[in-house]
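So the sequence lines, in the order shown, correspond to chains R and C. All residue numbers for the first sequence refer to the numbering used here, where the first residue is 90 and numbers rise by one. All residue numbers for the second sequence refer to the numbering used here, where the first residue is 90 and numbers rise by one. Beta carbons are placed, not taken as given, at the ideal position from N, Cα and C, and that holds for glycine. Read the structure below first, then the notes.
Protein chains: 2
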Amino acid sequence: MISRVLSAELAEHAGQRVTIAGWVHRRRRLKSVTFLVVRDRSGLAQVVAPGVAPGAEPCAVPGAEPCAVPGAEPGVVPGEETVVRVTGVVTANPQAPGGAELTEPEIEVLAEPTEAPPFDLYRPVVAAALPTILDHAPVALRHPRLRAPLEISAASVAGFRRALDRLGFTEIHTPKIVASATESGANVFGIDYFGRPAYLAQSPQFYKQAMVGVFERVYEVGPVFRAEPHDTVRHLAQYTSLDAELGFVRDHRDVMAVLREAVAGMVEAVRGQPAVDLLDVTLPEVPAEIPAIHFTEAQRLTNEFEPDLSPDQERWLSEWAVREHGSEFLFVTGYPMAKRPFYTHPDPLREGYSNGFDLLFRGVELVTGGQRLHRHQDYLDALAARGEDVGPYEGYLQAFAHGMPPHGGFALGLERWTARLVGAANIRQATLFPRDLHRLSP
Amino acid sequence: MISRVLSAELAEHAGQRVTIAGWVHRRRRLKSVTFLVVRDRSGLAQVVAPGVAPGAEPCAVPGAEPCAVPGAEPGVVPGEETVVRVTGVVTANPQAPGGAELTEPEIEVLAEPTEAPPFDLYRPVVAAALPTILDHAPVALRHPRLRAPLEISAASVAGFRRALDRLGFTEIHTPKIVASATESGANVFGIDYFGRPAYLAQSPQFYKQAMVGVFERVYEVGPVFRAEPHDTVRHLAQYTSLDAELGFVRDHRDVMAVLREAVAGMVEAVRGQPAVDLLDVTLPEVPAEIPAIHFTEAQRLTNEFEPDLSPDQERWLSEWAVREHGSEFLFVTGYPMAKRPFYTHPDPLREGYSNGFDLLFRGVELVTGGQRLHRHQDYLDALAARGEDVGPYEGYLQAFAHGMPPHGGFALGLERWTARLVGAANIRQATLFPRDLHRLSP
C-alpha cells in the first residue's frame, strides 16, 4: 500500500515528516504562500507551500501545469481534483483542519484530471441543481456534503444487521428474477429469461417467509425493483430494502418490538459519524416502546375516514406523536384488510381489520409490516376470496403445507430512511446512482 | 414473543419447567414411551411422552390426529413437521441431544402440516436427489445438512464485511439495471425499462471503481446476473458477488493483501459454526502471505501454454501449492492482457502481461482481481485498441476524467466459495433458490 497517514490522524504525528495522499480539494494561492487542501476518505488536510512569484500567471485550473513557484520542488502546484501524494512536516496550526498542517511539502502528482468538475467541489455549499449532480454523480459525490448521506446509509445498514444478528437472525440472499408478477401484479419489470418471460422481484416477501420455516429469523439487505410510472421526489425504480421476518410471534406486536430494536440499532450506528455533524442531522430518540395507535383512532384524530391514510394524515399523525408522546416514531396498527396484501393476518378480534402496521417517521411511512397468515388453508381461502389462482403461488405455498409457525416481518426502504434522517427533499439525494422513470445512467 | 428457551440452552435449565417451540423433527413411538425430537433454529431437543397403549394403531404421519395415548393430555402426539410448543421439566439425560430432555410434557400444536415432506427430514443423511431438493426447497432446506451451507454462507459474508470494515471500507449499493451491456457484451439479460431496452448488471465493476473516487475503499455484497447458456454444476444465472475496490495501491499486490484479509476474515467467521461440525468441514489455513506464481510460471509448471488456464491446470496448480507451500490458496498473477477486460492495468515491466490475478482455492478459481487503469487517456487508448466506442462508457469514464488514484479490486462468488468449503459437487447445493438455464422457481 502507498505508505501514508490519513488526514484525520495528522495531529497525532506533530513534528514528524509524514506522507498523505488524496485529491487536491482546494488550491489557494496568495502572494507569499500557497495553501493546498488535500481531501482523503477521512477528511481534509492543509498543506502550506511557498507562494507564487509576484507577477506570475495563475496556473490553469484544473491541471498540474508547472508554474514558476520559487522554492517549490519540482515547481508544480497541482490544481483541484489532482490526485497527489504529499510528504511534509506536521506542524501545529489551530486554524488548519484538525489543528495541524503539512509544511515543507514535496508534492507528487499521481493522476491529473482532464476536465473541470461540473461545480466547485471545495465550496461548503453545493452550487448545483439536482439533475447536474445526478448526471455527474461519479465526481459530484466527492463533495463531502453529497457523500455524507451515503455514509449515513452505510452506517445505518451496519446497525440494522448488528441489531438483528444479536437477536439470532440469519442473513439470506434471495432470487431477484422470479417467474410470476405475483405480489402486487403491477409495476413489475419484465425480463427475457432464456426466451421465457420473467420478472424482477418487487420484494423478497415470499422467500423470507419460506425461510422462517428454515431459520426462524431472517433478514435480507438487497435491491428491489418497482416499475413506478411516477415521476416524484419519493419514487425509485430500484431501492435497497431492509427486510426481516421472524417466527414464533404471538402477533404483530412481537414484530414491532423487533423493528424497534432494528431502528434503534440504526440510529446508534449513525451516531458519531462525521456525516451527522457535517449535515447537522438531529438524530431521533427511539423510545423503549414506540407509541402505537389503531388505524380507526388515526382516522378519528384526523377526521378523515378513507380506507388508507393520505400523506397529509401521515404528516399530521407524526406531528401529533411528537406533541403527545414526544416521539418522532409512531406505529399505526390494524390497517383494513382490504388495503393489505392477501398474506396479511386478520385481527382475530376485529372484523375487517388486520394485524398489519406501518411505522411513521418524521411525517412519512418508513416501514410496512405485520403478522402474516401461517396456516395453509388460510392461504387457500385468502386467494380464493380475492379470486386469485393458486398456480403462480405454488412454490410459496409449499412452506405452509409443511407447517409454519405464527410469524411476521417488515420492510424498510433504506433510501427513504436516509432521506428523512438528513432532511433531503428528494429521495435521489440519498441514493447512489438512482434509477427512475427517466434515469438509467450513469 | 412466545416465551421459550432454545433447544441449545435446555441443559442450562435443568430441573426447571420451561417451554420450547419448533417443529416435530421426529416422532418415535415405542411400547411404553414416545420420543418427540423438536427442531428449532438452535438444534434439537428431545421430549419424552407417555407411550402408545399396546395394540393401538400408529397415528398417520404427518398430522396431529388424536391417538389413544394413555396419560397424555390432551392425547395428541403430533407428527413430523407439526409446529409445536412444548412445556415440560428439563431432566438430565446423557443420551439426549445436549444432555437434557423434557419430561412430563404438555404439547400444544401451533400449526399442522397438510402434506408429507418429499423425503424424511429426520434422517441424518439426505435421501433425495438434487432436483427433488431444489423443487421442494422451502421444506427441503429444513434438513439440517441442507440448511448448513447457507449458515456457512451467512457467516462468511459477515466475516468478509468485518474484515473490510476494519480496513476503512464503506459499503455501497449500486444499480442492478444498466443502460448498456458493456462489461463483457455477452450473456446479459435484457429488460423492458419503461419501454426502453436495459440490462441486468453482470457486476458492480464500473460503479465500485467510480466510488474509489468518493470513498477510496468500497465493498458491495449483492446479486449479479449472467445469462449463462451453460447447464453445468458451476454456472448460475444469479449469484451473490462479494466485490471490493480500493485506491492508493502501489499495484495489484496491495489488492492481494486486502483480499487475503477478507478471506481470512471469512474463514474466521465460519470457524465454530455448528454447520462446520455437522458437515465435517475442514477449514483452510490462510497463510499470512498467500503464495503467488506468475502466469508464465504456471504454464511452465503444467507444461501447457494456452493464453488462459484450463480447469485441469487450476486443479493441478492447487495441488502443487498444497505440496510445495502447504497452502490451499494460490495466487496466479500476470495473466495475459489479451484475456483480461479492457480496464486491466498492464504489467509495466512485462509487455503483454497484466497486473491481474486469480486466487485459486481447492482446485478452482475463487476470485478474479487486479489493478485497473486509472488515467483517463489510458482508458481511451484501451477502448480504441479494442475497437470499442467510447459512447456506452461515458458515465464510467467520468470518474477518470476527474482524477483517480491507482486502484484495484476483486470479486468473489459467495456460492462458489461455500460450495468449495463444504465440498458440494454442485454449486446449487450452496445456493438459496438457484436460478439457471432451466430453473426459475421456486
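Alpha helix (DSSP H) segment containing residue i, residue limits
i: residue 211(R); result: No alpha helix (DSSP H) holds residue 211(R); DSSP gives it neither H nor E.
i: residue 412(R); result: 400 to 414
i: residue 41(R); result: With chain R covering only 90 through 531, there is no way to say anything about residue 41(R).
i: residue 105(R); result: Note, residue 105(R): premise wrong, no alpha helix (DSSP H); not H, not E.
i: residue 466(C); result: 465 to 474
i: residue 487(R); result: 483 to 490
i: residue 242(C); result: 233 to 255
i: residue 384(C); result: 384 to 391
i: residue 222(C); result: 219 to 224
i: residue 366(C); result: 363 to 367
Listed by chain order, chain C residues near residue i by CB distance under 9 Å
i: residue 97(R); result: In chain order: nothing, as chain C lies at least about 10 Å away.
i: residue 350(R); result: By Cβ distance, chain C contributes nothing, its closest Cβ being about 12 Å from residue 350(R), past 9 Å.
i: residue 506(R); result: Going along chain C, no residue has its Cβ under 9 Å from residue 506(R), so there is no contact; the nearest lies around 13 Å.
i: residue 296(R); result: 227, 521, 522, 531
i: residue 93(R); result: 337
i: residue 381(R); result: Going along chain C, no residue has its Cβ under 9 Å from residue 381(R), so there is no contact; the nearest lies around 17 Å.
Cβ-Cβ distance between residue i and residue j below 9 Å
i: residue 468(C); j: residue 447(C); result: no
i: residue 322(C); j: residue 515(C); result: yes
i: residue 476(C); j: residue 295(C); result: no
i: residue 202(R); j: residue 225(R); result: no
i: residue 551(R); j: residue 330(R); result: With chain R covering only 90 through 531, there is no way to say anything about residue 551(R).
i: residue 306(R); j: residue 346(R); result: no
i: residue 373(C); j: residue 503(C); result: no
i: residue 517(C); j: residue 325(C); result: yes
i: residue 191(R); j: residue 173(R); result: no
i: residue 393(R); j: residue 454(R); result: no
i: residue 276(R); j: residue 315(R); result: yes
i: residue 303(R); j: residue 531(C); result: no
i: residue 267(R); j: residue 244(R); result: no
i: residue 293(C); j: residue 259(C); result: no
i: residue 398(R); j: residue 387(R); result: yes
Boundaries of the beta strand (DSSP E) in which residue i is found, first to last residue
i: residue 180(C); result: 172 to 181
i: residue 314(R); result: 306 to 314
i: residue 498(C); result: 496 to 502
i: residue 194(R); result: 189 to 200
i: residue 421(R); result: 418 to 422
i: residue 286(R); result: 285 to 289
i: residue 282(C); result: 279 to 282
i: residue 330(C); result: 327 to 336
i: residue 133(R); result: 132 to 139
i: residue 123(C); result: 122 to 129
i: residue 460(C); result: 453 to 461
i: residue 445(R); result: 445 to 450
Amino acids of chain R, ordered along the chain, whose beta-carbon sits closer than 8 Å to that of residue i
i: residue 424(C); result: Neighbours of residue 424(C) on chain R: none; closest Cβ ~22 Å, over 8 Å.
i: residue 90(C); result: 337, 338, 339, 343, 346
i: residue 364(C); result: Near residue 364(C) there are no residues of chain R at all, since even the closest Cβ is about 11 Å away, more than 8 Å.
i: residue 110(C); result: 337, 494
Under 7 Å by beta carbon: chain C residues contacting residue i
i: residue 240(R); result: 259
i: residue 264(R); result: 327, 522, 524
i: residue 199(R); result: 494, 495
i: residue 304(R); result: 130
i: residue 268(R); result: 529, 530
What are the residues of the region 203 to 237 of chain C that lie near chain R, defined by any Cβ-Cβ distance shorter than 7 Å? 203, 204, 206, 225, 227, 228, 230, 231, 236
With a cut-off of 8 Å, do at least 3 Cβ pairs link the region 453 to 463 of chain R to the region 339 to 346 of chain R? yes
So does the region 102 to 111 of chain R actually touch the region 233 to 240 of chain C, counting three or more Cβ pairs closer than 8 Å? no
Assess contact between the region 246 to 266 of chain C and the region 309 to 319 of chain C, defined as three or more Cβ pairs (one per stretch) separated by less than 8 Å. Is contact present? Judged by Cβ distances under 8 Å, the region 246 to 266 of chain C makes contact with the region 309 to 319 of chain C, as three or more pairs qualify.
Mind checking the region 488 to 499 of chain R against chain C and listing, in chain order, the residues whose C-beta falls within less than 9 Å of any C-beta there? 488, 489, 490, 491, 492, 493, 494, 495
Quick check: the region 356 to 363 of chain C against the region 376 to 389 of chain C, are there 3 or more CB pairs under 8 Å? Taking a cut-off of 8 Å on C-beta distances, the region 356 to 363 of chain C does not touch the region 376 to 389 of chain C, as fewer than three cross pairs fall below it.
Residues of the region 167 to 188 of chain C with a CB closer than 7 Å to any CB of chain R: list them in chain order, please. Going along the region 167 to 188 of chain C in chain order, one finds 170, 171, 172 with a Cβ nearer than 7 Å to chain R.
Counting Cβ pairs, one atom from each stretch, are 3 or more of them under 8 Å apart for the region 183 to 192 of chain C and the region 128 to 136 of chain C? yes
Using a Cβ cut-off of 8 Å, which residues of the region 329 to 350 of chain C contact any Cβ in chain R, in chain order? 329, 337, 338, 339, 343, 346
Selection of the region 464 to 481 of chain R by Cβ proximity to chain C, strictly under 8 Å: 464, 465, 466
Check each residue of the region 368 to 379 of chain R: if its Cβ is closer than 9 Å to any Cβ of chain C, include it; give the result in chain order. none
Residues of the region 271 to 290 of chain R with Cβ closer than 8 Å to any Cβ of chain C, in chain order: 278, 279, 280, 281, 282, 283, 285, 287, 289
Under 9 Å (Cβ pairs) to chain C, residues found in the region 116 to 139 of chain R: 129, 130, 131
Would you check if there are 3 or more beta carbon pairs closer than 8 Å linking the region 488 to 501 of chain R to the region 283 to 301 of chain R? yes
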